[in-house]
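A.B. asks:
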Amino acid sequence: MSPPLMSIATADALPDSADTVVIGAGIVGTCAAYWLARAGQRVVLLEKGRVGAEQSSRNWGWCRQQNRDARELPLSTKSLALWEQMAVDIGEDLGFSRCGLLYLSNDEKEIETWAAWGRYARGEGIDTRMLGTAEAAERGAATGKSWKGGVWSPTDGIADPARAAPVIAKGVIKHGGVVVQNCAARGIETQAGAVCGVITERGVIRTRQVVLSGGAWAASFLHQLGIAFPQAAIRSSILSVAPGAQGLPAALHTAGVSVTRRGDGGCTLAISGFGKVDPTPGTIFGAKYFLPMFAKRWRLLSPGGLQAWRAGFETRARWRMDRPTPMESMRILDPRPSRRTLDLTLARARELLPQLRNVPVQAEWAGYIDSTPDGVPVIDGNIGVDGLLLAAGLSGHGFGIGPGVGHLVADLLLGREAITETAQYRLSRFDKSQWGKVSEF
Ligand SMILES: Cc1cc2nc3c(=O)[nH]c(=O)nc-3n(C[C@H](O)[C@H](O)[C@H](O)COP(=O)(O)OP(=O)(O)OC[C@H]3O[C@@H](n4cnc5c(N)ncnc54)[C@H](O)[C@@H]3O)c2cc1C
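Take the sequence shown: its position 60, counting from 1, is numbered 152 in the numbering used here, and each next residue is one higher.
#1: DSSP on Ala403, reduced to helix/strand/coil?
#2: Among all the DSSP beta bridges, which residues are the ones paired with Thr112?
#3: Taking its Cβ as the centre, do 16 or more other Cβ atoms sit within 10 Å of Ser109, making it buried, or is it exposed?
#4: Using a Cβ-Cβ cut-off of 7 Å (strictly less than) and excluding sequence neighbours within five positions of Gln526, which residues of its own chain qualify?
#5: Sort Ala347, Ala124, Leu434 and Asp185 by Cα distance to Leu196 and report the nearest one.
#6: Is Asn151 a contact residue of ligand 1, with contact defined as CB to any heavy atom under 7 Å?
#7: Who are the Cβ neighbours of Leu314 in its own chain at under 8 Å, not counting the five residues just before and after it?
#8: Where in the region 258-306 do unbroken runs of the alpha helix (DSSP H), each at least 4 residues long, occur, reported from the N-terminal end onward?
#9: Taking the alpha helix (DSSP H) that Met178 falls in, what are its first and last residues?
#10: At a cut of 8 Å, does the region 141-149 reach the region 421-439 through at least three beta carbon pairs?
#11: Grab me the residues of Pro373's own chain with a C-beta within less than 7 Å of its C-beta, minus the 5 sequence neighbours each way, in chain order.
#12: Consider the C-beta atom of Glu146 and the heavy atoms of ligand 1; say whether any pair is separated by less than 7 Å.
#13: Got a sec? Which residues, its chain only, sit under 6 Å from Gly528 by beta carbon, not counting five neighbours each side?
#14: Checking 8 Å against the spacing of the C-beta atoms, do Ala343 and Gly358 come in under that value?
#15: Going by C-alpha to C-alpha distance, which of Gln177, Trp457 and Ser149 sits closest to His499?
#16: For Ala502, which residues in the same chain have their Cβ closer than 7 Å to its Cβ, ignoring the five residues on either side in sequence?
#17: Would you say Trp154 and Ile260 are within 8 Å of each other, going by their C-beta atoms?
#18: So, at 6 Å on beta carbons, what are the nonlocal neighbours of Arg278 in its own chain, with the 5 sequence-adjacent residues on each side left out?
#19: Which first and last residues belong to the beta strand (DSSP E) in which Glu204 is found?
#20: Residues in its own chain within less than 6 Å of Trp206 by CB, not counting five upstream and five downstream?
#21: Per DSSP, His345 is paired with what?
#22: Classify Pro395 as helix, strand or coil using the three-state DSSP reduction.
#23: Flag Met385 as yes when its Cβ comes closer than 7 Å to any non-hydrogen atom of ligand 1, and as no otherwise.
#24: Since Arg130 is in the alpha helix (DSSP H), which residue starts that stretch and which ends it?
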């Protein structure tokens, strides 16, 4: 079952040309198209299925600086301000609020990890507060349990995954951009090593600039151009419950289960880091590069089945430009969730928060989280074809930084000052000496 997602009306006709074509309308593609259109560019945003229907509507909605890898921290701080700015500019609610995030634990090692991150982050100007036993009990009163400690990050927040990408796509249209749904980009046309067009299932768009923000599909798309992008997806299962539970924190993380308030008043329930590794040509060919990450998370990961292989998003086959591609036979990647994980998640959530015992399950779903070997995205316009910029591999925490990633993409394409440094996001970091370095948080 898919998660709730707002529908928007978009164009049917494909423009002949554009300043920039953005491929993929998740949070990254919609934000990139938004900032480019807002700067006056003629932008076309292509989506093979529905705007936001893959990872960007399947997540918890956390927009956090807390526990961010140092390489992403400035971007996450900027993104929080951009969430607010975009909602005002578009004039529609993105479900974003700085409601604060609450982390509770009885594990001293985990608490010390948070404390170590806090010492670093406070030096960077981040407001993150360690909680002692009494404060943790007070902030976590809804659990009715005692806790050894926790963290409160008051300036972080949540946005609504059911609305964010569609509302931002409406912002693209408001600024003169064209959004086309149910239209897959099959490939890139080049001339003398530079982009000259995008081949879609409905014809060609002439352009000199392309953003590939195709989420889990990015590596197989780049494979057609002979560009290697190490990417592997993990299947994460998640559920939501109906409105009705009172007095819960807006966003609570514990090692057992995490609970997040949704825009409709219900809650999303999930187990952090828990997932299935479904074998694909991508994970098999890239296994040695992803082993350090899988090894670090082995307690939470388990082998899955063949559904990812069948879905075709990590194929290493070459496809023809004049025939339907795997993207057209799989308009929306909507994997089956793990029944065991869902049952365990619900049981843990109801044990943690008794208020959840009286509210029924509303929806259950899964999402493929696309990851790089070091858990940090690639945002790079220098990947081997002039005019082609890759923005993918958001590695399970890209929703919150989507506005900043989109802004950075626009900065790079427009040649203006970038909102953060970019060196850490280069594709070339995945040379043999670097693969295997895994993000600490
Ligand atoms: C269960 C779960 C929980 C998560 N929780 C959080 C969280 O709390 N906070 C957080 O920050 N992040 C979270 N994430 C991660 C976050 O959702 C992703 O990092 C982010 O949404 C990735 O956005 P994206 O735009 O790169 O990819 P996607 O949202 O997957 O979008 C890519 C889009 O490209 C389209 N596409 C692909 N190829 C083509 C093509 N050739 N032509 C046209 N269209 C194409 C696809 O159809 C898709 O719509 C979570 C993810 C999951 C699955």
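Quick reminder that beta carbons are idealized off the backbone N, C-alpha and C, glycines included.
C.D. replies: In brief:
#1: Here residue 403 is taken as the residue at index 311 of the sequence shown, counted from 1. Three-state DSSP puts Ala403 in a helix.
#2: Numbered from its first residue, the sequence shown carries residue 112 at position 20. In the DSSP assignment, the residues bridged to Thr112 are Val135 and Gln301.
#3: By 1-based counting over the sequence shown, the position of residue 109 is 17. Here Ser109 is exposed: its Cβ has fewer than 16 other Cβ atoms, across all protein chains shown, within 10 Å.
#4: Position 434 of the sequence shown, counting from 1, holds the residue named residue 526. With a pLDDT of 48 at Gln526, under the threshold of 50, the predicted position of this residue should be treated as unreliable, and no value is reported.
#5: Taking the sequence shown and counting its residues from 1, the one referred to as residue 196 is at position 104. Checking every option, the nearest Cα to that of Leu196 belongs to Ala347.
#6: Locating residue 151 in the sequence shown gives position 59, where the first residue counts as 1. Relative to ligand 1, the nearest heavy atom lies less than 7 Å away from the CB of Asn151.
#7: Mapped onto the sequence shown, residue 314 falls at position 222. Answer for Leu314: Leu304, Ala320, Phe321, Ile475 and Leu482, listed in chain order.
#8: Listed in chain order, there is nothing to give.
#9: By 1-based counting over the sequence shown, the position of residue 178 is 86. Counting along the chain, the alpha helix (DSSP H) containing Met178 begins and ends at Leu165 to Ile182.
#10: Touching, per the Cβ criterion.
#11: For this step, residue 373 is matched to residue 281 along the sequence shown. Leaving aside the five residues that flank Pro373 on each side, the residues in its chain whose CB is nearer than 7 Å to its CB run, in chain order, Glu406, Thr407 and Arg408.
#12: Here residue 146 is taken as the residue at index 54 of the sequence shown, counted from 1. Glu146 Cβ: within cutoff of ligand 1.
#13: Residue 528 sits at position 436 when you count from the first residue of the sequence shown. Bear in mind that the predicted position of Gly528 carries a pLDDT of just 42, short of 50, making it too unreliable to give a figure here.
#14: For this step, residue 343 is matched to residue 251 along the sequence shown. For this step, residue 358 is matched to residue 266 along the sequence shown. Cβ atoms of Ala343 and Gly358: not closer than 8 Å.
#15: Here residue 499 refers to the residue found at position 407 when the sequence shown is read from its first residue. The residue with the shortest Cα to Cα distance from His499 is Gln177.
#16: Start at 1 with the first residue of the sequence shown, and residue 502 comes out as number 410. The answer, listed in chain order, is Ala124, Trp127, Leu128 and Ala131.
#17: To locate residue 154, count along the sequence shown from 1; it is residue 62. To locate residue 260, count along the sequence shown from 1; it is residue 168. Between Trp154 and Ile260, the C-beta gap is not smaller than 8 Å, which leaves the two residues out of contact.
#18: Within the sequence shown, numbered from 1, the residue matching residue 278 stands at position 186. Correct list, in chain order: Ile291, Met413 and Thr417.
#19: Residue numbering aside, residue 204 sits at position 112 when the sequence shown is read from its first letter. In this chain, Glu204 is not harboured by any beta strand (DSSP E); it is covered by the alpha helix (DSSP H) spanning Glu200 to Gly215.
#20: Position 114 of the sequence shown, counted from the start, is the residue given in the question as residue 206. Around Trp206, the same chain offers Val243 as residues with beta carbons nearer than 6 Å, after the five sequence neighbours per side are excluded.
#21: The residue given as residue 345 occupies position 253 in the sequence shown. Tyr195 and Ser350, per the DSSP bridge assignment.
#22: On the sequence shown, residue 395 is found 303 positions in, with the first residue counted as 1. Reduced to three states, the DSSP call for Pro395 is strand.
#23: Mapped onto the sequence shown, residue 385 falls at position 293. Checking every heavy atom of ligand 1 against the Cβ of Met385, none is found closer than 7 Å.
#24: Position 38 of the sequence shown, counting from 1, holds the residue named residue 130. For Arg130, the uninterrupted alpha helix (DSSP H) segment begins and ends at Ile119 to Arg130.
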